[in-house]
Amino acid sequence: MFGWEFPPLNSGGLGTACYGLTKALSSKGVKITFVLPKSQESIKVDFMKILIANNISNVDLKFIDSLLSPYISYEEYDKDLSKLKEELKDTFNTNPEHLIYGNNLFKEVIRYTKEAEKIAVQEDYDIIHCHDWMTFGAGIKAKRISRLSGKVKPLILHVHATEFDRTGGNPNQIIYEIEKFGMESADHIITVSNYTKNLISYKYGISKEKISVVYNGLEANEISLNETFNLKKHYKIVLYLGRITLQKGPDWFLKVAKKVSDKNDDIKFVIAGNGDMFPRIVEESAYLGIANSVFFTNFLRGIDIDRAYEMADLYVMPSVSEPFGITALEALNKKTPIIVSKQSGVAEVINNCYKIDFWDTWKIADSIIEILHNEDLHKRLSENGYEEVKKLTWDTAADSCLEVYNKFIINGGIHNG
Amino acid sequence: MVSVCFYFQLHQPYRLRNYQVFEIGNSNHYYDNEKNLGILNKIKNKCYTPTNKLILDLIYKTNGELKVSYSITGILLEQLSNNAPEVIQSFQDLAKTGCVEFLSETYHHTLAYLYSKKEFKKQIFMHKKLIRKLFHKNPRVFRNTELIYNNEIASYIESLGYKGILAEGADHILQWRSPNFVYKPVNCNNIKLLLKNYRLSDDIAFRFSSKSWLEYPLTAPKFAQWINAINGNGNIVNLFMDYETFGEHQWADTGIFNFLEHLPSEILKNPHNNFITPSKAIRQYNAVSDLDIHSIISWADIERDLSAWLGNDMQKFALSKLYALEKQVKKTKDRAILEDWRKLQASDLFYYMCTKWFNDGDVHKYFNPYNSPHEAFIAFMNILEDLNLRTKTKKEVIVI
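The structure is reproduced here in structure tokens:
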């Protein structure tokens, strides 16, 4: 498997999904070599290794030194790289021009691909499973290498998000082409929802027959913190949890908060997460005059995420384009009811929730008020939603994944692929 | 005759912790005690202790010719009393020489004038009381937070019985006029205005160690020459600066203490020069003219206006919500709530939210204990909500 991130180094749902799926597959006897980019923070990498070693057998982690992170944009990569160069110059007095890191995002992806190729030569495998576009090149290389050994190994792309989702419909042409080429080269594609399946078929011209849907699951976590938040004695809390970026619709969330706050002083909003739009959203909350009704937490990890879900009376996910939306499941798992945008994969698997277009801020605002002021409704959504989410396991996801694998492995690899 | 008038500002706020949403209603632990104490100790060692000692020595050495004035905020005096009483003692020693004047200001270094005159007046009174208690002096000259000033503030301060007030000698106000005279605020009769000579002040405070400055290195004889040159076209040179200039902003190894040590004797070499306190300057010199300052000025940034504290929506929102709590807070008659509300008024907390040139890593960033202005805003708003809830639960208790 070629991936981008893994807990605890993840900044979003992709890491959570890779972890959940890998764990479930390994428990079914699948041996996995997981290749990941590795940032500078080696302490965290060690922690990751321990986490994997303690929880998952059959998995071998391989790291490639890289600045890659799944949600990085071309511009941000440039910024990160120049920051790193400065640091290296300051600290080690090295000439940054001799750096191993690629000078722009694409060069870096190419470098990752070459390094991955080296690993592919050494490893023995039956299936090549890639998670999202930065690893597509690595997957194609691995397939070519397998051809040299006589048996072409099938390439399966697992699409957790496309460039259309990330950019709100304004894709970077090069990334789009990498994605398209990858999809065309792949033997099969797995998407996390029908929403994404349709998008790929429509935007990338891929036959639907070549695409299977494997819904994400949720790692059951029954632990309840049962913390008392005195804030809740005074207010109902509506939560946003995700990266503060265009795709996730934080600006729409703020518009909703404004509409609710104008008429209700018993409802407060919490925006948990960080991202490129973070400063803008904070400033806008002040500009709209609702900064005393909207609280920010910045990026949360581990137990603080659970605290946020438990503190909330309602979770709202106003994503503009959301292939799946694991956070909605996490919220339900804490018995916090959800409102999700119609433009999301999670809307396909949960029925006990409100599904509203992300742009319909009046309707979202009215629904928030309705759910929070109607105890019976709130209880129903919470309990029935919880029952639904319990059925969505990584075990099921792994079974569907194996089904796809088996289609290709029966022959012991495909010939002339 | 040229009189050199030194005024040194001393202030340290109670910086806030990175107070989280989860704590609202659960914790009253607002202040970053460790950081506040750490900074206080650092500045005590680098600046307060050595500079006080040097000033005291110089007063003796010049037979009392050297005069200086201090404005020390109530919250710094509080922190010093609790953590470094020896510094308070050294100021008391300075006070006894009779060569030192203490100025009046708001106890919590606030922008209260802009939002609540009632609170503004109360804070001036609190500060005055503390100065009387510690130094047995009655302040007669007022300096507003960050030298925030306009006609209206001058009239208000006059109505409280003050004889003098300080302001920035901003170019756009003075135009062709010189800051080296005493002025009278327009429409006032009993109060005079002293204006900071920002060029000469900043030569010491900002440029002293700047190697790219043409006048580098600055020596005491050179600076005394510049003072001498004012003879004949000015009465007074107001050198207003942060006390931290000595040892903190300009580190000891820049030679700043050596400069200060030799400055009084160099200046006094010219028999037409002397040192003067603000009160004495106001008694001694007549106002040369009225000065009409309609818009608010301050000593901050190039703009010399309020934009360092009220330049963006976050700052405006935080301040307006803070002062909107005034009635609610005062109604509780709860000492702890009132005190926290006042500590939250320190202008620094809004300065940390400033987004002007934040990317340039300039002076704003240097003084910002947060990673970004947005984090400063978030911590502040979280704490403010906790305070709000405290006033509400307090009320409920009374009802029951």
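Chains as they are written, first to last, in my numbering: chain D, 1 to 417; chain Y, 418 to 817.
Every residue, glycine too, gets a C-beta built ideally from N, C-alpha and C.
Which of the three DSSP states is assigned to residue i in this structure?
i, result
"L433/Y", "strand"
"C464/Y", "helix"
"P371/Y", "Here chain Y has residues from 418 to 817 only, and residue 371/Y is not among them."
"Q667/Y", "strand"
"H679/Y", "helix"
"C18/D", "helix"
"M770/Y", "coil"
"H188/D", "strand"
"G102/D", "Note that G102/D scores a pLDDT of 46, beneath 50, so its modelled location is shaky; the value from the coordinates is reported in the next line. Correct three-state label for G102/D: coil."
"E518/Y", "strand"
"I211/D", "strand"
"S498/Y", "helix"
"M134/D", "helix"
"E97/D", "Only weak support is given to the placement of E97/D: the predicted model assigns it a pLDDT of 43, under 50, and the value that follows is read from those uncertain coordinates. If DSSP states are grouped into helix, strand and coil, E97/D belongs with the helices."
"I419/D", "It is not possible to answer for residue 419/D, since the shown part of chain D is limited to 1 through 417."
"I64/D", "strand"
"I472/Y", "helix"
"N37/D", "Strictly speaking, residue 37/D in this sequence is Pro, with Asn absent from that position. Strand."
"N453/Y", "helix"
"Y354/D", "strand"
"P602/Y", "strand"
"L88/D", "With a pLDDT of 44 at L88/D, under the threshold of 50, the modelled position of this residue cannot be trusted; read the value that follows with caution. Note: L88/D maps to helix in three-state DSSP."
"K508/Y", "A quick correction: the sequence has Phe, not Lys, at residue 508/Y. Helix."
"T808/Y", "helix"
List the residues of chain Y whose Cβ lies closer than 8 angstroms to the Cβ of residue i, in chain order.
i, result
"M311/D", "V438 and F439"
"V282/D", "M731, H791, F794 and I795"
"V260/D", "Near V260/D there are no residues of chain Y at all, since even the closest Cβ is about 17 angstroms away, more than 8 angstroms."
"F278/D", "H791"
Is the beta carbon of residue j closer than 9 angstroms to that of residue i?
i, j, result
"N597/Y", "G651/Y", "yes"
"C771/Y", "P790/Y", "yes"
"Y448/Y", "K760/Y", "yes"
"L564/Y", "E585/Y", "yes"
"K197/D", "K208/D", "yes"
"G325/D", "V294/D", "no"
"V35/D", "A116/D", "yes"
"S712/Y", "N604/Y", "no"
"M658/Y", "Y424/Y", "yes"
"I608/Y", "A571/Y", "yes"
"A646/Y", "E683/Y", "no"
"S724/Y", "A717/Y", "yes"
"H526/Y", "I492/Y", "yes"
"H234/D", "D313/D", "no"
"G15/D", "N216/D", "no"
"V282/D", "I472/Y", "no"
"W133/D", "E108/D", "no"
"F439/Y", "E227/D", "yes"
"I156/D", "V121/D", "no"
"L656/Y", "N691/Y", "no"
"I476/Y", "V419/Y", "no"
"N729/Y", "N687/Y", "no"
"K407/D", "H188/D", "yes"
Anything in chain D within Cβ reach of residue i, meaning under 8 angstroms, just list it in chain order.
i, result
"N445/Y", "Those do not exist, as N445/Y stays about 11 angstroms from chain D at its closest Cβ, beyond 8 angstroms."
Given that residue i touches chain Y, what residues does it touch there, using C-beta distances under 9 angstroms?
i, result
"K236/D", "In chain order: nothing, as chain Y lies at least about 14 angstroms away."
"F408/D", "Under the 9 angstroms cutoff, chain Y gives no residues; its nearest Cβ is about 48 angstroms from F408/D."
Under 7 angstroms between beta-carbons, which chain D residues line up against residue i? List them in chain order, please.
i, result
"G481/Y", "Going along chain D, no residue has its Cβ under 7 angstroms from G481/Y, so there is no contact; the nearest lies around 50 angstroms."
Can you list the residues of chain D that residue i reaches, using a CB-CB cut of under 9 angstroms?
i, result
"K738/Y", "A291 and N292"
"P767/Y", "In the sequence as presented, Pro is not what sits at residue 767/Y; that position holds Phe. Within chain D, no residue comes near F767/Y; the closest Cβ sits about 12 angstroms away, beyond 9 angstroms."
"G581/Y", "Those within 9 angstroms of G581/Y in chain D number zero; the least Cβ separation is about 38 angstroms."
**Asked** According to a CB-to-CB cut-off of less than 9 angstroms, which residues of the segment 791-810 of chain Y neighbour chain D?
**Response** H791, E792, F794, I795, M798, N799, L801, E802, D803, N805, L806, K809 and T810
**Message:** I'd like the ranges of any alpha helix (DSSP H) spanning at least 4 consecutive residues and lying wholly in the segment 357-417 of chain D.
**Reply:** 361-373, 375-390 and 394-409
**Prompt:** Unbroken alpha helix (DSSP H) runs of length 4 or more, entirely within the segment 705-767 of chain Y: which are they?
**Reply:** 724-727, 730-741, 743-749 and 752-760
**Prompt:** According to a CB-to-CB cut-off of less than 8 angstroms, which residues of the segment 285-306 of chain D neighbour chain Y?
**Reply:** A286, Y287, G289, A291, N292, F295, F296, T297, N298 and D304
**Asked** Taking a cut of 9 angstroms between CB atoms, which residues from the segment 212-234 of chain D lie near chain Y?
**Response** E227, T228, F229, N230, L231, K232, K233 and H234
**Prompt:** Where are the beta strand (DSSP E) runs, 3 residues long or more, that stay fully inside the segment 227-265 of chain D, in chain order?
**Reply:** 236-241
**Asked** Between the segment 249-275 of chain D and chain Y, which residues of the former have CB atoms less than 7 angstroms from a CB of the latter, in chain order?
**Response** V270
**Request:** With a floor of 3 residues, list each beta strand (DSSP E) that falls wholly inside the segment 540-598 of chain Y, ordered by position along the chain.
**Result:** 581-585
**Message:** Restricting to runs no shorter than 3 residues, where is the beta strand (DSSP E) found entirely within the segment 144-168 of chain D?
**Reply:** 155-159
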